[in-house]
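To start, the structure under review is shown below, and the notes come after it.
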Amino acid sequence: MNNWALKTVAVNKFGQEVITQASQLLTSRSIQDVCDSICKNLDSKVDLKSDLNMFHVSGLTGSGRTTFCKAVIKNLIQNCSLEKSEIIYFKIDKHDNLNCVWNCGVQLARVKNLGNLAVLLASQSSTLEAKENAMVSVLDSFKVVCFDNVSISETNHQLYTLLMAIIHKLKTNIICVSKPITSLPKYGTLVEVDGLNFAAIGSDLNWQTTFQYLDTFYKYVGKAIRSNPKAVQMLVNASQILGILHYQAAANPSPVLNILNLIWEHLGDYERMALSQLSELRRALPLKDADTLSRVIRIGLVEYEPPGAHGNLFGQVILSDCVREFVLTKRSDDKMVKTDSKFDVFQCWMVLLSEELVGLIAEARSHSWPFVPEKWQYVKNASRKESYNVKDLITMKVKDLPHLTHFDVLQETLHHSVLRKDHENMVAILFLIDRYIYWQGGSQTLLDIVDSIAKEKPQLPIAPQLVIRKARVLRTTGDLQGAEKVLDKLLNEKQMLGMWRYREEHHHHLVKAVCVQIKGEIQATLGQWYNSAVLLLDSVHLFKTLPKVDKKGLSCSLGLLVNTLQRMSVEEFKLIAQRYFLKASHPYIQAHQFAIEAAEMAIYTPLFYARHKRRAGEMLLEYSKIATDDPKSEYLTNALKELKESLAAHKTFDSLNSREQYYEFISALYKASCVGELIGGSTKQERLFDLKLISMVLFYHYCRNQTSIVHDDNTKTYINTAVRILELPSYIEINEYLVGTTPSLVYPARAVVVEPAKPPMGMVDRCAETIQTLTLESTIDRFKTTVLTIEDFESSDMTRGQLNEDVDISNDRMFNQLTDINVHECEVSSYDAVHSKWRTQRTLVYIGEQLNLSEDKEGAQRDPYMVEYLSQDEPLGKYVGKRYQKPRGPEQYKEDVKCQMTARYYVGLFNQELYHKGIEVSPIQFLPVVMVKLLDEPRSIIYNVEPYMHGNFMKLTNNLNWVEKEGAGSKLVLAFSHFTYERSKRTLLITDHQGWTTEDHLSTTFLTDPQIHSTDKTLYGTGNLGMRGINTFWQDMHKECNDICQQLGLTRP
1 MNNWALKTVA VNKFGQEVIT QASQLLTSRS IQDVCDSICK NLDSKVDLKS DLNMFHVSGL
61 TGSGRTTFCK AVIKNLIQNC SLEKSEIIYF KIDKHDNLNC VWNCGVQLAR VKNLGNLAVL
121 LASQSSTLEA KENAMVSVLD SFKVVCFDNV SISETNHQLY TLLMAIIHKL KTNIICVSKP
181 ITSLPKYGTL VEVDGLNFAA IGSDLNWQTT FQYLDTFYKY VGKAIRSNPK AVQMLVNASQ
241 ILGILHYQAA ANPSPVLNIL NLIWEHLGDY ERMALSQLSE LRRALPLKDA DTLSRVIRIG
301 LVEYEPPGAH GNLFGQVILS DCVREFVLTK RSDDKMVKTD SKFDVFQCWM VLLSEELVGL
361 IAEARSHSWP FVPEKWQYVK NASRKESYNV KDLITMKVKD LPHLTHFDVL QETLHHSVLR
421 KDHENMVAIL FLIDRYIYWQ GGSQTLLDIV DSIAKEKPQL PIAPQLVIRK ARVLRTTGDL
481 QGAEKVLDKL LNEKQMLGMW RYREEHHHHL VKAVCVQIKG EIQATLGQWY NSAVLLLDSV
541 HLFKTLPKVD KKGLSCSLGL LVNTLQRMSV EEFKLIAQRY FLKASHPYIQ AHQFAIEAAE
601 MAIYTPLFYA RHKRRAGEML LEYSKIATDD PKSEYLTNAL KELKESLAAH KTFDSLNSRE
661 QYYEFISALY KASCVGELIG GSTKQERLFD LKLISMVLFY HYCRNQTSIV HDDNTKTYIN
721 TAVRILELPS YIEINEYLVG TTPSLVYPAR AVVVEPAKPP MGMVDRCAET IQTLTLESTI
781 DRFKTTVLTI EDFESSDMTR GQLNEDVDIS NDRMFNQLTD INVHECEVSS YDAVHSKWRT
841 QRTLVYIGEQ LNLSEDKEGA QRDPYMVEYL SQDEPLGKYV GKRYQKPRGP EQYKEDVKCQ
901 MTARYYVGLF NQELYHKGIE VSPIQFLPVV MVKLLDEPRS IIYNVEPYMH GNFMKLTNNL
961 NWVEKEGAGS KLVLAFSHFT YERSKRTLLI TDHQGWTTED HLSTTFLTDP QIHSTDKTLY
1021 GTGNLGMRGI NTFWQDMHKE CNDICQQLGL TRP
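This note's numbering puts the first residue of the sequence shown at 1, with every later residue one more than the last.
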C-alpha cells in the first residue's frame, strides 16, 4: 500500500471556461505568447537556462495564477496538437515530502513503460542523486511539466531543494506556479499575474454587475481587492449570504486575508468549528450531504465537488490553502477545538468504513476479545464469507470511492481522534490496525502513541494484543529480558485498575498461550533449543485446549517449532519426543509434520501458507541427505511437491510486489533447484537445475529493491519460465495503475498517523524500510551505488518483453553475468555454543558494496560489505559481512564465529541472572554471526556475517589492559567478564567489548567481535592470550569489583 505520492491533476478536466477567465487577467505575458514559445520547443530541445522552456507564473493568492496556467495547458491541447498524456500537472501540498516524489515517479515510470527507472526510484539502496536523475528522466518523457503551488514547499527545505534540483535539470518545457518569491531559479521567463484586467472585463455583464454592487455597498474598497477575483467574489458572496454591508480597509497586504478576517467575524460558532475541523484535513472529505456547510460553501470558503463529478457518488469538501492557513491562525479560540452536533469530521470518516470494521471498532471498545480475531480463526470449516482476513478488510477499496482504501479512512479517523483527544477511539483503532502496521514495519510509531495515551490516561485499559506487541518489538530489538518482563507482568496482572477486563476466562488462557509462545521464541534466540521446544509445545497444548481451537496461534507456534527442531540435536529431540509423546524418529521428520499442520491452519493467509509449505519441503530435503532407512528419491519427490505448493500459493505478480512474499518465492525456487540437483537424470529433471540460475537472477533483483518490488517484463518472464518448468500455472497481473485520473479535490493519500519517532538507536533495522507509507522521510541509504535491473544483465538469448515464452539460460554467458551481479551460491556455517556443534547449509548470498565508514569505525584488519542471504534469521533485515584484508584460512573465520557465539551464550545467562535478581541495568547482547563461504569462486572467499547495526559505536575494553573509564557501559561489561570466568568454572574469560549503544544508554547495547582468553590455548584464535590475558584482566582492568558484581554475588580468584 504505497499510495502516498505527489498529487497529479487530470488535465483533461480543464474546461473552456479557464481560457475565458484567464483572458480577463492582467498578465505580463499573454497565454498565446507562452503557448507559442512552448510550441517552438516541441520539435527541438533547447538549453534549460533559456527563457524559452522555463516559465514562472507568479501572483498573489486569488490573483488567478493557477487559472492562467490551466488556460495555457488547455490552449496547448487545442491548438498545438499536444496529447493529454504528454502533459503532467502536479499540485504541491504542504504535507508532501521526498517519498511523495519517488512514489509518484514509480507510478509514472510504470505508465511510461520505464521499468528500469521504476526499479531505481523504488529502491532504498539508490543514492539521492541517482533517484533525482531518474525522476528527471521520467519527467523528460513528458512534453510539458507543471508544478503548481511550488512556493508552499519552501517550508520543507528537503522537498524544496529536491524540486528545485529537478527543475534545474529538466530539458522539457516547465511551468512553475507560485507566490511572488525570490528563491526560484533566476533563469526562465517570468509571467506576472496581477489580477483582473479592467480593460478586458469592461464589456463583461457579470463583472459590471459585480462592481456596481461593490460601488453601492462598499465605496471604500480599494484597487487591491477590486483587482483580486477571489477576494471580490468572496466579499460579494458574504455580503449577500451573511448581510455584511460594511468594510474597513486593513493593513494586511493580502486582499484575500483581509476579506477572510471580515467574514470570520460574521460566521456562526458552529461554522467556525466546522472550518476548524476541516482545516485539519489531510485529504478531501467525502460527503453525501453537505447541507450543514451550505453557507461556507456558497461564500467560497470551502471547495465543494458535488456528487457525480468524475463518477464519484459522494461529494467532496476541502479548504483551499489560503483558507486553511487563515483558520489555523484562529485556533487560539477555545471554541475552535470543539465539535458540533451539526457537523463532526470524525463521524464523517467513520460512516465510510464497512459494517465489519465499524463492528470491530465497537467490539474493541467493549473489550470483546484480547486479540483481533479472524473470521476463520476459530471455525473448523470456514465458509467463503469467513475465509477473509482483517487485513483484507483494511486494504479493501471503500464502496463508491475507488480512490480510497479502508486503511486510508482508518488513518483519518485515528488522526481526528488524536486531535479531539478521544482516547477510547484512539486505542480501539490502534488495536484494530496493529497487526497490519506490524507487517509494514511501523510498530514502533504505533507503540509510541500507545505509550503517550497510557501517560495521559493511565486508567484506560490497553488491549493485551498491544501489550504483547511491545514484547515482540523488544525481542526483535534484542531486549530479551525487557520482553520477558512485559510478558510476566501481563500474565500476573488481571482484573486490576487500568488492566484489560477479560470477558471470558478462556480469553486469559489465550493470552497465556501467546505469552508462552513468545517466551519460546526468546529461548530460541538464546540458542536454548530444548527450552524453546518445551515452551512452544506447551503453547500448542494451550491453543488446542481452548473452547474453540485458535488456528492462527496454533499455526504460528507450529511454524516456530519447525525452526527450533531443525537446530536441535537428535539426543535432545529424543527427550522432547518422550515428554510430549511425539512419534517421529528424527527432528527433521517431526519438523516436516509440524510444517504441514501449520500450513493447513494457515490456508487463508497465502504468505504463511507458502512459508510453512516451503519449510516442509526444506525439512524433507535436509533429511534426504542423511536418510538411511528409506529410498532418498521418495523424500526428494515429496520435498519437490511441498515446494511447488509453496510457489503456487502466490498466484499473481502483484502478490510478489511484497518483499516478504517475493523472498518466500525465491527461497522455494532455490530449494526446488537443490532438489533437482539431487534427483538428477532425465531432461525434465535437468531443467530443475535451471531454476537455480533463475533464482539467482531474481534474488539479485530482490536485494536491489529495498522497499516494495517493481517487476519489469524481464523479471516477469523469469518468474513464468520458472513456474512452467515446475508445471505450474503462469502468474497473472492485476491492479494496473492509471495516472491522470485523480479528482481535482482529492489530496494525496496520507499514510502516516503522526510524525513518526526515529527508530531506537542500536536496533536491528528489521523491516523498517518494507513500506514507505509509515514514515515521513526515508531512512539513510546504506548502499552507495546505482540500482541495476534485469535488463542490465540481459543476454541476446532472452526474450524481451514476451511473457509467454521461456528464457534460455543454460549458457556460459549467463554464468558470467551472474558473477557480475555478485550473487553466489554459498555455504553458511553456524555454531551452536550450547552443544559445541557446527551446522552447515547451502544457500544464495548477495555481496553488496563495501561500507564507507568513518576512520574511528573502520576495522584495522577487516573490510565490511552489505550482505543478504537466503535463510538469514531476519528475512527483511540488513546484514554486514566482514572479510579479512589479508588472506586468512577458514579456521580463523571459524574461531571468530565460535568466539562471538560463545559470548552470545554467556551473555544470555548473564542477562537472565540480572533479571532473576532484580538488577535494573540496560541489557547487553552479542550479535549472532555465521560464516559464509562462496562456492562459485576459483579461490576461497569467506565472510563472517552479522546483523547490520546503526547507532553510536563505542569501544569499552580491549583484550588486555584498557578500559573506557567514561563509558556508561564499561562497569556492566566488566561485571560480565567477571561472570563468564566464574560461570565457566574459571576456564575462560570474555573481554574486548565494543559495539553500538544509544545516546541515553537505556536501550540494548549490541556487542561484536569479542575475544576469549581460555586455559585451552588451541581455541578462539590468535587473540587468545591464555592465563596471561586472564591474569592481566584482574590486575589491570578489574582491580576491584563494582556494585553489579556484588549484587550478583560474584567472587574474585
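No residue lacks a Cβ here, since even glycine has one placed at the ideal position from N, Cα and C.
These numbers come from a predicted model, not from an experiment.
At a cut of 8 Å, does the segment 140 to 155 reach the segment 86 to 104 through at least three beta carbon pairs?
Three or more beta-carbon pairs drawn from the segment 140 to 155 and the segment 86 to 104 are found closer than 8 Å, and the two stretches are therefore classed as touching.
Which word fits glutamate 1040, buried or exposed, when buried means at least 16 other C-beta atoms lie within 10 angstroms of its C-beta?
Flag for glutamate 1040 reads exposed.
Range covered by the alpha helix (DSSP H) that runs through phenylalanine 431
Element bounds for phenylalanine 431: 423 to 439.
Applying the 10 Å Cβ sphere with the 16-neighbour rule, what's the burial state of threonine 545?
Threonine 545 is exposed by the Cβ-count criterion.
So which of Arg324, Arg614 and Pro373 has the shortest CA-CA distance to threonine 61?
When each option's Cα is compared against that of threonine 61, the closest is Arg324.
Mind the definition here: the segment 298 to 307 touches the segment 375 to 390 only if three or more C-beta pairs lie below 8 Å; say whether that holds.
The segment 298 to 307, when compared against the segment 375 to 390, does not touch it at the 8 Å Cβ threshold.
For a quick check, are the C-beta atoms of lysine 179 and serine 153 less than 9 Å apart?
No, Cβ-Cβ distance for lysine 179 and serine 153 is not below 9 Å.
Under 8 Å: do the segment 70 to 79 and the segment 133 to 140 share three or more Cβ pairs, one atom per stretch?
Cβ pair count under 8 Å is below three, so no.
Taking the straight line between their C-alpha atoms, what separation do you get for leucine 1007 and glutamate 363?
Cα to Cα, leucine 1007 sits roughly 45 Å from glutamate 363.
Among all the DSSP beta bridges, which residues are the ones paired with aspartate 863?
Arg883, per the DSSP bridge assignment.
Check each candidate in Lys574, Gln316, Pro606 and Trp529 and name the one with the smallest Cα separation from serine 555.
With respect to the C-alpha of serine 555, the residue from Lys574, Gln316, Pro606 and Trp529 having the closest C-alpha is Pro606.
Measure the alpha-carbon distance for asparagine 12 versus valine 18 and round it to whole angstroms.
About 12 Å.
So, glutamate 827 versus lysine 692, is the Cβ gap smaller than 9 Å?
Annotated as distal: glutamate 827 and lysine 692, with beta-carbon spacing of 9 Å or more.
Report the rounded CA-to-CA distance for alanine 533 versus tryptophan 439, giving the unit in angstroms.
Looking at the two C-alpha atoms, the distance is approximately 25 Å.
Under the assumption that valine 932 contacts glutamine 900 (Cβ atoms under 8 Å), give the Cβ distance between them as a whole number of angstroms.
No, valine 932 and glutamine 900 are not in contact; Cβ-Cβ is about 14 Å, not under 8 Å.
Rounding to the nearest angstrom, what Cα-Cα distance links glycine 308 and aspartate 408 in this structure?
Approximately 22 Å, taken between the alpha carbons.
Counting only the same chain and skipping the five closest in sequence on each side, list residues whose C-beta sits under 7 Å from that of alanine 5.
The answer, listed in chain order, is Cys100, Asn103, Cys104, Gln107 and Pro748.
If you reduce the DSSP assignment to three classes, tell me which class leucine 393 lands in.
Here leucine 393 carries a helix assignment [DSSP, helix/strand/coil].
Going by beta carbon distance, what residues of the same chain come within less than 7 Å of threonine 1032, once the five residues before and after it are set aside?
The residues are Leu960 and Asn961.
Does DSSP put histidine 367 in a helix, a strand or coil?
If DSSP states are grouped into helix, strand and coil, histidine 367 belongs with coil.
What whole-angstrom Cβ distance do valine 345 and histidine 423 have, given they're in contact under 8 Å?
Not a contact, Cβ separation roughly 18 Å.
Identify every run of the beta strand (DSSP E) within the segment 257 to 300, keeping only runs that are complete inside it and at least 3 residues long; order them along the chain.
Segments of the beta strand (DSSP E) lying fully in the segment 257 to 300: 285 to 287.
So does the segment 572 to 581 actually touch the segment 527 to 543, counting three or more Cβ pairs closer than 8 Å?
Yes, since at least three Cβ pairs between the segment 572 to 581 and the segment 527 to 543 fall closer than 8 Å, the two stretches touch.
Where does isoleucine 468 land, buried or exposed, given buried means 16+ other C-beta within 10 angstroms?
Buried.
Cβ-Cβ separation, phenylalanine 953 to leucine 844 (assumed contact under 8 Å), whole Å
In this structure, leucine 844 and phenylalanine 953 do not form a Cβ contact; the two beta carbons are roughly 30 Å apart against a cut-off of 8 Å.
Runs of alpha helix (DSSP H) lying entirely within the segment 127 to 178, each at least 4 residues, in chain order:
Within the segment 127 to 178, the complete alpha helix (DSSP H) segments at least 4 residues long are 128 to 139 and 157 to 169, listed from N- to C-terminus.
So, does the segment 637 to 647 touch the segment 609 to 629, judging by three or more C-beta pairs under 8 Å?
Touching, yes.
Among all the DSSP beta bridges, which residues are the ones paired with tyrosine 943?
DSSP lists Val932 as partners of tyrosine 943.
Candidates Gln444, Asn911 and Tyr948: which alpha carbon is nearest aspartate 479's?
When Gln444, Asn911 and Tyr948 are compared, the shortest CA-CA separation from aspartate 479 is found for Asn911.
Report back the beta-carbon spacing between threonine 1022 and glycine 969 to the nearest angstrom; my notes put them in contact at under 8 Å.
Actually they do not touch by this definition, with Cβ atoms about 26 Å apart.
Could you tell me whether any Cβ in chain E is nearer than 9 Å to the Cβ of serine 539?
Within the model displayed, chain E is absent; a lone protein chain is all it includes.
Distance between arginine 611 and asparagine 563 (C-alpha atoms, nearest Å)
The straight-line gap from Cα to Cα measures roughly 12 Å.
For valine 511, which of Asp690, Glu891 and Val372 has the nearest alpha-carbon?
It is Val372.
Alpha carbon to alpha carbon, how far is valine 897 from leucine 536? Give it in angstroms, no decimals.
Each residue's alpha carbon lies about 28 Å from the other.
C-alpha gap between proline 255 and alanine 224, whole angstroms
Take the alpha-carbon of proline 255 and the one of alanine 224: they are about 6 Å apart.
For the ligand HEM, I want to know if phenylalanine 926 counts as a neighbour, meaning its beta carbon is within less than 8 Å of at least one of the ligand's heavy atoms.
As presented, the structure is devoid of all ligands, the ligand HEM included, so that no description of it is given.
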